Structures are given as structure tokens and as C-alpha cells.
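Trainee: One rule links them: number in our numbering = place in the sequence shown (from 1) + 56.
Glycine included, every Cβ here is placed at the ideal spot set by N, Cα and C.
In this text, all values refer to a predicted model and were calculated from it rather than measured experimentally.
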Amino acid sequence: MRAFIFPGQGSQKVGMGVELADASGAARDVFGEVDEALGQHLAKLMAEGPAGELTMTANAQPAIMAHSIAVLRTLGVDLDGNADFVAGHSLGEYSALCGAGTFALAETAKLLRIRGNAMQAAVPVGVGAMAALLGVDIAMAEEIAAACAEGEVCEVANDNDPGQVVLSGHAGAIDRVVERAKDMGAKRAIKLPVSAPFHCSLMQPAADRMAEALGRASMHSPSVPLVANVTASAGADVDAIRDQLVTQVTGRVRWRESVAWMADQGVTQFVEVGGKVLGPMVKKIAPDAETVNLVSMDDIEAFAKEV
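(1) How about ARG58 and VAL323: are their beta carbons less than 8 Å apart?
(2) I'd like to know whether the C-beta atoms of LYS247 and LEU190 end up nearer to each other than 8 Å.
(3) Taking VAL233 as the reference, give the member of MET196, ASP344, HIS255 and GLY331 with the closest Cα.
(4) I need the DSSP call for SER224, collapsed to helix, strand or coil.
(5) I'd like the list of long-range same chain contacts for ASP355, defined as Cβ closer than 7 Å, with 5 residues on each side in sequence excluded.
(6) Put MET259 into one of helix, strand or coil per three-state DSSP.
(7) Check the C-beta distance from SER251 over to GLN176 and give it rounded, since I have them as a contact under 8 Å.
(8) Using only alpha-carbon positions, find the residue among GLY144, ALA116, ILE200 and ASP344 that is nearest to GLN300.
(9) Assuming PHE326 and VAL338 are in contact, meaning their beta carbons sit under 8 Å apart, how far apart are those beta carbons, in whole angstroms?
(10) Can you give the Cα-Cα distance for LEU101 and ALA269, rounded to whole angstroms?
(11) Where does ASN173 fall in DSSP's three states?
(12) Can you pull the DSSP bridge partners for GLN117?
(13) Output yes or no for whether 8 Å exceeds the beta carbon distance between VAL209 and ALA188.
(14) Using a 10 Å radius around the Cβ and a threshold of 16 neighbouring Cβ atoms, would you call GLU104 buried or exposed?
Written as C-alpha cells, this is what we have:
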């Protein structure tokens, strides 16, 4: 069994998609359609930077999605019949749903622009922060979060793999996490270079905005079941997926549990579309699974021979 998985924010870099656009008409069409949908030369920003502008949440989210879909369309295979599940890390869930036909490409780009702007606007810059805990399991991470909250928000945002958990919340609480985590059993605590505290209750205004946007969006049942971030299990019901995408804004990304669930169902190959960040997490969760990364034309051409 095979799952196609899609990376989230942080996988963007200047130059992304350039080789694909040079080699693939399908990729050029994707980038052109996203540019038209957003009324922006996003493909040029992806190719040339500046990096600071590309990293802005409102740009990074549609850019990462566009790159993943460009890779998928260059590969030229339908997920239906070639994948048993799709999943994505945070915004990657939108890429997965676009690939599986739930959202049209232009609609996905517009939703991610709304999502990026809403998440950035939900909390004033400097009020929130995030930190990655290394060498902890989820139980220890929850203990550290509770101990460092001191009346502020401090919550698990991403349960990435057996040794990496990301916390999110008020900046003061996250500073306490960085100061105390090692003494509480973590190997390291690293403050992340993000502009907002994603996937915690401080994001509620963004969740409300996405409920409005998704309520208006045209959605279809995915051709392949989606393993949702907030449930770590698969489904294809449109109403449930809409609710999950709203909950996801403030909810925990249960990536470790999602991969473990897929492995338990019999998935032996995880194909990361457009990045190289999820594969290492998968190997820590399901060591016997095969991971494939599709980024370059060489990657795509080699994998195309398998499917």
C-alpha cells in the first residue's frame, strides 16, 4: 500500500520550481494558474526571492502548495488507483486535497492566501511564539507545556515524530520552555523563526475566518481518503473534511499518529510530493517503511517507472 504525503510551511526556498518549470509544461501551467488566481507573480517570487518575502505566511502557503501540485502533475498519474491514502502536514493537507480533487487548484490557492493572512493577523507580531522540543515524547512535551504556561497559552502544536514535538503559545510561555525544557528532560529546545503561534488556541480568529471561507468553497469528495491532521484517521466525507480544516487551525497536527495509523493499515511506501522534510519523520515513526521524495525531474522520472 502507498500513501502520498505533502509538506507544510518551512519547506519553501528561493529557486523552488525553477527546474520543473523549465522541463515541464504541466508545471508551468500550475504556476500560471496560481499566479492568475492570486493576481500576483508568485512563481517569480518562488524563483527569484527575496527570501524574506517568500517566507511570509501569506506567500509561503500557496507557494508550497503550487510546488507540490506542479510535481504531482508533472508525474502525471492519478492518485485514484495509485495511492491508498493522502495526507499533508498542516497546510500540506490543502495540497493533498487539491491533488485528490476536493478543491480546484485556483480555489486552493485562494483559500491558502486567506489562511495565511488570517493566521498572521490573528496574533500581533511578538505576542506569540513557537519552540521545537527534541528528544521528548508527547507525554513529556505536554508536561513541559503545562509547567511553563503559568496562566498563558502553551500548547502542543505539532506531534511530529517520536523525538520531536513543537509547542506554541504566548511568547513569554515559549521563552520559559526554552529556558527550562532541558532541565525537565528534553535534549534541546529551539525557538522557531516563525511570525505567529500556529496550531494553538490563540489562532481562533483565523479558525473563524477559515470557517467562513470554507463555507463558501466548492468541495468534492476526495478520490483517495484523507488522513486528517486532527483525527489521525482517514475519511472522505466533505462536511467532515471542512470541519477538520477549521479545527486544524487551532488544533494539534497529529503527524506521528497519522503515519503510525497508515502503517498499521498496511502502508509500506510513503511518497513525499514536493519536499524532503516529512520523509525523515516517517522513518522515525515507521522504520520499515520505504520513503520516496519527489522534488527534481530525476526524482519524478525514476518514480514514474514504478507506477
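Mentor: This is what the structure gives:
(1) yes
(2) no
(3) MET196
(4) strand
(5) ASN349
(6) Per DSSP, reduced to three states, the secondary structure at MET259 is helical.
(7) Right, their Cβ atoms sit about 6 Å apart.
(8) Relative to GLN300, the option among GLY144, ALA116, ILE200 and ASP344 whose CA is nearest is GLY144.
(9) 5 Å
(10) 25 Å
(11) Three-state DSSP puts ASN173 in a helix.
(12) Bridge pairing for GLN117: absent [DSSP].
(13) no
(14) Per the 10 Å Cβ criterion, exposed.
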